[in-house]
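As structure tokens, the structure follows; a few thoughts come after it.
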């Protein structure tokens, strides 16, 4: 990064629109490597730094982001990893993050703030340059080893794929998916934001607010999965830089697929460490991963999702 940059060591972390002006709050991260499973954990880890003790000083207009981002030494995205949730994307991101050449951005809240604000207020043309600038700021090279930038999105960001593709026409999109009933069972244990009606704006998914308010939680998650798989299939049919990746391929094979497409070199000793990491829980790295899926019929509300799943499998296998 330039020594004269006004944002040396800082990243925008929160969009504030309460007074009608788009402001962003900044956080000092210094030379920290982003290794936490989710970026909100990285934010929490950095709040105790002395530079973050005067938050009133760390606000600016989002209009300044594009100009400030020009001054930094940053990596362009190597790939985006989209997913339908509970399908191994967190583990894959952590495995890729074990390579010192990689920067991993996992579900960055500020990216989500910008995308959802642009959707809600019909101002995406103004927001997209700010998003691209924010990605440059987060992708700042903090040492000479860093050469690749992988961005794992929130699951609902597949519904912003057209906007992201407009910004990055040639960057590979990896679409990570899994059998719908397995996703539902995982969500039943602990539900994410996307699994609770109206917690996210229904317009993101194209849903009617009144209709979803009357739905059972599992049924609602079923139509969320359906919306994801519909988007996946449409992208795969049109976008030659999009790649379907099934959870059941296994974590190391998925990492190898990503490496092959992006030209990422994984040394043998790094591969061994990644294979060891694959045996542990993504969100709780100290716990050995185990999972049992009951052998029972899929619920009727997942019928369309399974049809889409099978079509995606067909497209994926047809490309191989």
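Numbering (the working numbering), first residue to last: 926 to 1245. A virtual CB, placed ideally from N, CA and C, is assigned to each residue, including glycine. All figures in this text were calculated on a predicted structure; none of them were measured in a lab.
Bounds of the alpha helix (DSSP H) holding residue 1017 are 1014-1022.
Cβ neighbours of residue 1055 within its own chain (closer than 7 Å, five residues either side excluded): 987, 990, 991 and 1039.
When the five nearest sequence neighbours on each side are left out, the beta carbons in the same chain lying within less than 8 Å of the beta carbon of residue 972 are those of 952, in order along the chain.
Setting aside the 5 residues that flank it on each side, residue 1151 is surrounded in the same chain by 1229, 1230 and 1233, each with a C-beta closer than 7 Å to its C-beta; the list follows chain order. Of the residues 1145, 1099 and 1104, the one whose Cα lies closest to the Cα of residue 1118 is 1145.
Residue 1101 is positioned such that its CB atom lies closer than 9 Å to that of residue 1012. Distances from the alpha-carbon of residue 1222 to those of 962, 1006, 1061 and 1104 put 1104 closest. Counting along the chain, no beta strand (DSSP E) covers residue 1048, and no H or E run does either. Taking a cut-off of 8 Å for Cβ pairs, the stretch 1026-1034 and the stretch 1172-1183 do not touch, as fewer than three such pairs fall below it.
It is roughly 15 Å from the alpha-carbon of residue 1242 to the alpha-carbon of residue 1179. When the Cα atoms are used, residue 1086 and residue 1010 turn out to be separated by approximately 16 Å. In the three-state reduction of the DSSP assignment, residue 1116 falls in the coil class, being assigned neither a helical nor a strand state.
Distance from the Cα of residue 1111 is smallest, within the candidate group 1190, 1185 and 1147, for 1147. Residue 1157: member of the alpha helix (DSSP H) spanning 1142-1163, first to last residue. Residue 1149 and residue 1170 have their C-alpha atoms roughly 19 Å apart. The three-state reading of DSSP puts residue 1027 in strand, counting E and B together.
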